[in-house]
């Protein structure tokens with residue numbers, strides 16, 4: 001509720017509740033495990049919290065050199081530093097690491113973000129990857145059966161050689177999990193170092209001609225049509241499939257993103 005209303009992040013909301021600063025209908029909460037209805041009055045430090053905003057989604061063209069976190073302990077620039085001033089408080093759907101670029105989805109609804117980034121949603125992440133080395137197309141085909149890298153098992157990956165340019169090559173990659181630094185680790189496992197990585201698609205949403213650092217909202221009708229049964233009018237996606245993989249968030253926080 002607090003995160004959806006734009007008061008703070010989900011993590012900060014849990015902290016406020018633990019500190020006894022949040023009340024519902026005059027009763028101070030001691031746990032975030034409470035369903036809040038539209039008729040309930042929520043207050044923080046005695047001040048009423050406004051109703052949650054309508055769920056919205058934006059496409060953002062992330063440049064390289066920015067981390068996908070709201071705060072960075074190393075002081076590096078974040079994707080949230082230069083967003084348009086008229087945007088509400090937003091969170092990212094998944095992450096891209098510091099040196100990756102391309103399509104990043106932003107939303108004002110944390111539940112929607114967790115739903116869209118979960119592997120069970122089944123959305124394909126698509127990338128164009130520049131690698132150093134001569135690429136053997138047959139080795140790329142073998143990735144469709146999955147691959148184990150340093151004890152980590154990655155699911156099926158569809159990859160194809162786009163073109164070879166001297167000692168460099170462009171490869172297209174499509175996968176569903178998008179685990180932390182998955183594309184880079186798999187390419188390096190095959191002997192090719194990644195020199196550029198661009199996400200060009202996330203499920204039905206594509207980067208297209210969106211300029212670098214450009215932001216464009218997804219029309220609400222398109223959002224509802226795309227989510228289908230996952231959408232509940234005025235209340236975002238169903239919550240039943242919003243779990244994260246154990247440890248996935250911590251790993252992404254440390255590295256600044258996935259891919």
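In the UniProt record's numbering, the protein residues as written are 1 to 259. Backbone N, C-alpha and C fix where the C-beta goes; we use that ideal spot for every residue, glycine too. In this text the structure is predicted, and so the values were computed from the model without any measurement.
Note down the Cα distance separating residue 107 from residue 152, rounded to an integer number of angstroms.
C-alpha separation (whole angstroms): 30 Å.
Please classify residue 54: does DSSP put it in a helix, a strand, or coil?
coil
Here's a check: name, in chain order, each residue in its chain whose Cβ is nearer than 7 Å to the Cβ of residue 56, leaving out the five neighbours to either side.
107, 108, 217
Does the contact criterion of 3 or more C-beta pairs under 8 Å hold for the stretch 121-141 versus the stretch 189-200?
yes
Three-state secondary structure assigned by DSSP to residue 174
strand
Hey, would you say residue 102 sits closer than 8 Å to residue 199, going by beta carbons?
yes
For residue 234, which residues from the same chain have a beta carbon less than 6 Å from its beta carbon, with the 5 sequence-adjacent residues on both sides left out?
Low confidence applies here, because residue 234 scores a pLDDT of 42, under 50, leaving its location unreliable; read the following figure in that light. Only residues of its own chain outside the window of five on either side were considered, and among them none has a CB closer than 6 Å to the CB of residue 234.
For residue 118, which option in 176, 126, 159 has the closest C-alpha, if you only look at C-alpha atoms?
Closest by alpha carbon: 176.
Round the Cβ separation of residue 186 and residue 149 to the nearest angstrom and send it over; I've been treating them as touching at under 8 Å.
6 Å
Host beta strand (DSSP E) of residue 148 (start-end):
147-149
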